[in-house]
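Colleague: Here you go, one structure.
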Amino acid sequence: MNSIRYVTHAILFASAALASISASAAEFPLRADDLNLNHRYSTGAHWSGGTQEKGFDIGAVRHTGNNKWHHLKSDGADGTVNSNHLIYGAKIRAMEAGTVVGCWRNSPQNTAGSKLQKVLDGYIALGGNHVWLLQDDGVYVLYAHAQPGTVPAAICPHNATYLPSPEKSSPWTQAGRVTNGVRVAKGQVLGVVGNSGNSTGPHLHVHMEKNGDPVTIKFDHGQTTSYANNTASVNGPWTLLKGNALPTGKVLVWAPHSVGNWTVNNIPDERFQAWFNHFADSGVMLNTLPCTDGGQIYNTTWIPTTGSWYAHAGMSLTDFNNKSTYYATKGYTRTGWWYCGSNYTGIWRK
């Protein structure tokens, strides 16, 4: 077993840090809530240049063994069926607050692996069912390829199936422009991932632009690991984004969970630090932390963060007693402790 201490940032520090990050960085447009606990989002540099150069096409993958991953829900699944793709149906969320300036909501989808003739003829927007937002910082952002009918009518006034005349040259369409558009909050659901428009498989396309130039997207929360050659270890290393852009090249993205109550059991010791970082970064705190198998396995429950807290695992009895004494002098109360063999875990809150 690895003898490791797992500690949160005291919320007194983290709350200020997260606020400053959120002021200058975007929310990842998808959340871990919509995937199996062991699935991850995947992305890389966008194939196109111009204003889309710093954008992303985002899919989802599951681990199949030997550091390999696959984008379909099961081995042997028919890849031409949109609903067989892991990413299909994930909720698309606004990365920043803004005003709707363009959209479409009722175009039909492609069969995965091909495009409808109406797309090729220009009667379906390149973005398919999409939303354009103008953010408060003057940046325009596109969310593209949603399922038909999932962009809410409350934010998109265009209900026709097809564009009235062909528009092939730009993800902007004259028919899709919106004047006096509604206000959208950061994190608000804009639709669900589909396969409409200039797309040959379910995915989410996002990019930002300003004054005709591409804009780098920086994310407030989440973790990444390299996915070079479509290969990655489930153990990472996973690196917190903390207000930075995604690394160059192909990466797996461990998007944040929504703030809420979560349970994850049977976490191997070698993966626990990444799970710990994931949930603490998502704005939740440990509620229970029992261990089994001499500290080789951890079972966890998480609740919304309130106040300052610390948690440690892999402690000896001496370490555990010393931590308890130290935190008591700082005004913390031990809210739970567990042991398995000679290994102790504990949670302290203020």
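Numbering (the numbering used here), first residue to last: 416 to 765. Beta carbons: idealized from backbone N, C-alpha and C, even for Gly.
1) Threshold first: 3 residues or longer. Then list the beta strand (DSSP E) segments lying entirely within the stretch 516-603, N to C.
2) Can you name the start and end residues of the alpha helix (DSSP H) that residue 799 belongs to?
3) Rounded to whole angstroms, what's the CA-CA distance from residue 631 to residue 624? Just pull it up for me.
4) According to DSSP, residue 625 sits in a beta bridge with which residue or residues?
5) Here's the rule: buried if 16 or more other CB atoms are within 10 angstroms of the residue's CB, otherwise exposed. What is residue 535?
6) Which word fits residue 435, buried or exposed, when buried means at least 16 other C-beta atoms lie within 10 angstroms of its C-beta?
7) Any contact of the stretch 610-620 with the stretch 557-572, i.e. 3+ C-beta pairs under 8 angstroms?
8) Who are the near neighbours of residue 697 in its chain, counting only those whose CB is closer than 6 angstroms to its CB and skipping five residues on each side?
9) Short check: CB of residue 676 to CB of residue 712, under 8 angstroms?
10) Touch check for the stretch 577-597 and the stretch 635-655: three-plus C-beta pairs under 8 angstroms?
11) Along the chain, where does the alpha helix (DSSP H) that runs through residue 692 open and close?
12) Am I right that residue 633 and residue 658 are in contact with their C-beta atoms under 8 angstroms? What's the rounded C-beta distance?
13) Quickly, what does DSSP pair residue 763 with across the bridge? List them, please.
14) Along the chain, where does the beta strand (DSSP E) containing residue 639 start, and where does it finish?
15) Which stretch, first to last residue, makes up the alpha helix (DSSP H) that contains residue 714?
16) Buried or exposed for residue 592, going by 16 or more other Cβ atoms inside 10 Å?
17) At the level of alpha carbons, what is the spacing between residue 642 and residue 705?
18) Let me make sure I understand the geometry here. Which of 618, 556 and 505 has the alpha-carbon closest to that of residue 448?
19) Going by DSSP in three states, residue 392 sits in which element: helix, strand or coil?
20) Measuring CB to CB, does residue 608 end up less than 8 angstroms from residue 503?
21) Am I right that residue 678 and residue 716 are in contact with their C-beta atoms under 8 angstroms? What's the rounded C-beta distance?
22) Whose C-alpha, out of 525, 530 and 619, is nearest the C-alpha of residue 789?
23) On the DSSP bridge list, what partners appear for residue 487?
24) Cα-Cα, which of 538, 458 and 600 is closest to residue 515?
25) Starting from residue 457, follow the beta strand (DSSP E) in both directions and report where the run begins and ends.
26) For residue 644, does the count of other Cβ atoms within 10 angstroms reach 16, so buried, or fall short, so exposed?
27) When you compare each of 513, 540, 517 and 729 to residue 525 by their alpha carbons, which one comes out closest?
28) So what's residue 663 in DSSP terms, helix, strand or just coil?
29) In this structure, does DSSP put residue 655 in helix, strand or coil?
30) Just list the residues that DSSP pairs residue 472 with in beta bridges.
31) Within the same chain, show all residues whose beta-carbon is closer than 7 angstroms to that of residue 488, passing over the 5 residues directly before and after it, in chain order.
32) Can we count residue 672 as close to the ligand MN, meaning its CB is less than 7 angstroms from some heavy atom?
33) Hey, out of 751, 747, 554 and 587, whose CA is closest to residue 764's CA?
34) For residue 621 versus residue 444, is the C-beta distance shorter than 8 angstroms?
Modeller: Taking the structure as given:
1) List check, beta strand (DSSP E) in window: 544-550 and 555-561.
2) No answer is possible for residue 799: the residues shown for the chain start at 416 and end at 765.
3) Indexing the sequence shown from 1 puts residue 631 at position 216. Indexing the sequence shown from 1 puts residue 624 at position 209. Residue 631 and residue 624 have their C-alpha atoms roughly 8 angstroms apart.
4) Within the sequence shown, residue 625 is the residue found at index 210, counting from 1. Residue 625 is bridged by DSSP to 628.
5) On the sequence shown, residue 535 is found 120 positions in, with the first residue counted as 1. So residue 535 ends up on the exposed side.
6) To locate residue 435, count along the sequence shown from 1; it is residue 20. Reliability fails at residue 435, whose pLDDT of 40 lies under 50, so the model's placement of it is uncertain and the value that follows must be treated cautiously. Residue environment for residue 435: exposed (fewer than 16 other C-beta atoms within 10 angstroms of its C-beta).
7) The stretch 610-620 is in contact with the stretch 557-572.
8) As a working mapping, residue 697 is identified with position 282 in the sequence shown. Same-chain partners within the cutoff: 671 and 672.
9) Stepping through the sequence shown from its first residue, residue 676 is reached at position 261. Stepping through the sequence shown from its first residue, residue 712 is reached at position 297. No, these two residues do not count as a Cβ contact at 8 angstroms.
10) Judged by Cβ distances under 8 angstroms, the stretch 577-597 makes no contact with the stretch 635-655, as fewer than three pairs qualify.
11) Looking up residue 692 in the sequence shown gives position 277. From DSSP, the alpha helix (DSSP H) with residue 692 extends over 684-696.
12) For the purposes of this step, residue 633 is identified with residue 218 of the sequence shown, where counting begins at 1. For the purposes of this step, residue 658 is identified with residue 243 of the sequence shown, where counting begins at 1. 6 angstroms between Cβ atoms; contact.
13) Within the sequence shown, residue 763 is the residue found at index 348, counting from 1. 725 and 749, per the DSSP bridge assignment.
14) Along the sequence shown, read from residue 1 onward, the residue named residue 639 stands at position 224. Here the beta strand (DSSP E) through residue 639 covers 638-641.
15) Residue numbering aside, residue 714 sits at position 299 when the sequence shown is read from its first letter. Counting along the chain, residue 714 sits inside no alpha helix (DSSP H); it lies in the beta strand (DSSP E) bounded by residues 712-719.
16) Against the sequence shown, residue 592 aligns to sequence position 177. An exposed status is given to residue 592, since fewer than 16 other beta-carbon atoms sit within 10 Å of its beta-carbon.
17) If you number the sequence shown from 1, residue 642 lands on position 227. If you number the sequence shown from 1, residue 705 lands on position 290. Taking the straight line joining both Cα atoms gives about 32 angstroms.
18) Taking the first residue of the sequence shown as position 1, residue 448 is located at position 33. Nearest in C-alpha terms to residue 448, of all of 618, 556 and 505, is 505.
19) Nothing can be reported for residue 392, as the shown portion of the chain is limited to 416 through 765.
20) Working through the sequence shown from its first residue, we reach residue 608 at position 193. Working through the sequence shown from its first residue, we reach residue 503 at position 88. Yes, they are a contact pair.
21) As a first step, residue 678 must be located in the sequence shown, where it is residue number 263. As a first step, residue 716 must be located in the sequence shown, where it is residue number 301. Going by Cβ atoms, the distance from residue 678 to residue 716 rounds to 5 angstroms, so yes, they are a contact pair.
22) Outside the shown range of the chain (416 to 765) lies residue 789, about which nothing can therefore be said.
23) On the sequence shown, residue 487 is found 72 positions in, with the first residue counted as 1. According to DSSP, residue 487 bridges with 500.
24) On the sequence shown, position 100 is the one that residue 515 refers to. Nearest of 538, 458 and 600 to residue 515, Cα basis: 600.
25) Locating residue 457 in the sequence shown gives position 42, where the first residue counts as 1. Per DSSP, residue 457 is one residue of the beta strand (DSSP E) stretching across 454-458.
26) Taking the sequence shown and counting its residues from 1, the one referred to as residue 644 is at position 229. Around the beta carbon of residue 644, a 10 Å sphere encloses fewer than 16 other beta carbons of the protein chains shown; the residue is thus reported as exposed.
27) Here residue 525 is taken as the residue at index 110 of the sequence shown, counted from 1. Nearest of 513, 540, 517 and 729 to residue 525, Cα basis: 540.
28) Residue 663 sits at position 248 when you count from the first residue of the sequence shown. Coil at residue 663, not helix or strand.
29) One-based indexing of the sequence shown puts residue 655 at position 240. Strand at residue 655.
30) In the sequence shown, residue 472 corresponds to position 57, counting from 1. Secondary-structure assignment with DSSP links residue 472 through a beta bridge to 620.
31) In the sequence shown, the residue the question calls residue 488 occupies position 73. For residue 488, where only same-chain residues beyond five positions count, the Cβ hits under 7 angstroms are 499 and 501.
32) Among the components of this structure there are no ligands whatsoever, and the ligand MN is therefore not found.
33) Your numbering for residue 764 matches position 349 in the sequence shown. Of 751, 747, 554 and 587, the smallest CA-CA separation from residue 764 is found for 747.
34) Counting from one through the sequence shown, the residue named residue 621 turns up at place 206. Counting from one through the sequence shown, the residue named residue 444 turns up at place 29. Yes, Cβ-Cβ distance for residue 621 and residue 444 is below 8 angstroms.
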